[in-house]
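Heads up: the structure comes next, in structure tokens.
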């Protein structure tokens, strides 16, 4: 299952790091709790819509841009999952090498 | 402030209605509470990542597609807000007609 909060956390963290800012600095600017935001970046807590807006404002990035990036990251994982579910049909050598058994085993483990 | 949960609710609702399904049917398929989902469609509650995944699965729509639609809807609202904040510079007749005073009044009210 692709979880929104995990990829949202990754996108938010990447943007912050790109700007060379620490979590502490960003949280002070956005007026959000450091502990809460740390959990969000690691995909462990859901971000409220208000927090998301505050973070986008502090990062000076439109919310639509963050969501578009998350959508792209989700699409990549969905595609990777689709491949894992049909390794036999796609004849992927890499996946066959990773799988201890046959395609059915991989599909049921996914 | 553009709130993610409001536009997410609108997108999810539009998809359900497009498919001619009632909230009750969809919630039964997704195994989520009718009351909770009703609040989400109206943008009153945040959807957990697990619920979002369950709804996408029940709607048979990839999460990436839902997020992309929400991103587009958010972008439209961001653009509309940007216009409201600078009605004088953009010379929007429609906005000028709506505003009782000048541009500064509109900006401070937004």
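Chains as they are written, first to last, in this note's numbering: chain A, 394 to 503; chain B, 394 to 503.
In this text, a Cβ means the ideal position worked out from N, Cα and C, and glycines have one as well.
Every value quoted in this text rests on a predicted model; they were computed, and no experiment measured them.
For residue i and residue j, what's the separation of their Cα atoms in angstroms?
{"i": "residue 424 of chain A", "j": "residue 446 of chain A", "result": "12 Å"}
{"i": "residue 422 of chain B", "j": "residue 453 of chain B", "result": "11 Å"}
{"i": "residue 466 of chain A", "j": "residue 476 of chain B", "result": "30 Å"}
{"i": "residue 413 of chain A", "j": "residue 427 of chain A", "result": "17 Å"}
{"i": "residue 464 of chain B", "j": "residue 394 of chain B", "result": "15 Å"}
{"i": "residue 411 of chain B", "j": "residue 472 of chain A", "result": "25 Å"}
{"i": "residue 468 of chain A", "j": "residue 468 of chain B", "result": "19 Å"}
Tell me whether residue i sits in a helix, a strand or coil according to DSSP, three-state version.
{"i": "residue 394 of chain B", "result": "coil"}
{"i": "residue 453 of chain A", "result": "coil"}
{"i": "residue 435 of chain A", "result": "coil"}
{"i": "residue 377 of chain B", "result": "Residue 377 of chain B lies beyond the range of chain B shown here (394 to 503); nothing can be said about it."}
{"i": "residue 353 of chain A", "result": "The requested residue 353 of chain A is not part of the displayed model; chain A covers only 394 to 503."}
{"i": "residue 414 of chain B", "result": "coil"}
{"i": "residue 468 of chain B", "result": "helix"}
{"i": "residue 473 of chain A", "result": "helix"}
{"i": "residue 440 of chain B", "result": "coil"}
{"i": "residue 503 of chain A", "result": "With a pLDDT of 40 at residue 503 of chain A, under the threshold of 50, the modelled position of that residue is not reliable, and the figure given next carries that caveat. Note: residue 503 of chain A maps to coil in three-state DSSP."}
Whose C-beta lies closer than 7 Å to the C-beta of residue i among residues of the same chain, with five residues either side of it excluded?
{"i": "residue 462 of chain B", "result": "404"}
{"i": "residue 402 of chain B", "result": "433, 434, 435, 436"}
{"i": "residue 449 of chain A", "result": "455, 456, 459"}
According to the Cβ coordinates, are residue i and residue j closer than 9 Å?
{"i": "residue 406 of chain B", "j": "residue 442 of chain A", "result": "no"}
{"i": "residue 451 of chain A", "j": "residue 419 of chain A", "result": "yes"}
{"i": "residue 460 of chain B", "j": "residue 456 of chain A", "result": "no"}
Given residue i, which residues of its chain have a CB within under 8 Å of its CB, disregarding the five upstream and five downstream residues?
{"i": "residue 396 of chain B", "result": "436"}
{"i": "residue 438 of chain B", "result": "398, 429, 432"}
{"i": "residue 503 of chain A", "result": "At residue 503 of chain A, the pLDDT of 40 sits below 50, so the modelled position is not reliable; the number obtained from the coordinates is stated separately. Contacts found: 474, 477, 478."}
Got a sec? Which residues, its chain only, sit under 6 Å from residue i by beta carbon, not counting five neighbours each side?
{"i": "residue 409 of chain A", "result": "419"}
{"i": "residue 444 of chain B", "result": "425"}
{"i": "residue 440 of chain B", "result": "433"}
{"i": "residue 470 of chain A", "result": "395"}
Please indicate yes or no: does the CB of residue i lie closer than 8 Å to some heavy atom of the ligand ZN?
{"i": "residue 470 of chain B", "result": "The ligand ZN is not among the ligands present in this structure, which contains no ligands whatsoever."}
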